[in-house]
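I have placed the structure first, in the form of structure tokens, so that the comments after it can refer back to it.
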Amino acid sequence: MILPWADDPGHPLSTARRLAELLPNATLHPAAATPRDLKAWGPVVEDFLKPFVPGRS
């Protein structure tokens, strides 16, 4: 799971795209640009982690 932040100078979108190409089974999600976008990551992260948390599937 790759969750990029738009205009992040330390981790530009080009790096996120390259990581998605190189990492097996990686999923690149749309870049967040606003606080509202960032809040949308909560359910995405929860769904991603469910298989790894006992009793949550």
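Start counting the sequence shown at 1; every next residue gets the next number (UniProt numbering). Where a beta carbon is used, it is the ideal one built from N, C-alpha and C, also for glycine.
Is there a Cβ from chain E that is less than 8 Å from the Cβ of residue i?
i          : result
residue 21 : Absent here is chain E; the protein component of the structure consists of one chain.
Using DSSP with H/G/I as helix, E/B as strand and the rest coil, what is residue i?
i          : result
residue 32 : strand
Note down, in chain order, each residue of its chain lying with its Cβ closer than 6 Å to the Cβ of residue i, except the 5 sequence neighbours on either side.
i          : result
residue 3  : 29 and 41
residue 48 : 1
residue 20 : 2, 26 and 28
Short of 8 Å in beta carbon distance, which residues of its chain neighbour residue i, apart from the five on each side in sequence? Order them along the chain.
i          : result
residue 32 : 3, 4, 5, 6, 38, 40 and 41
residue 45 : 1 and 3
residue 17 : 28
Which two residues bound the contiguous alpha helix (DSSP H) that contains residue i?
i          : result
residue 27 : Per DSSP, residue 27 belongs to no alpha helix (DSSP H) and is neither H nor E.
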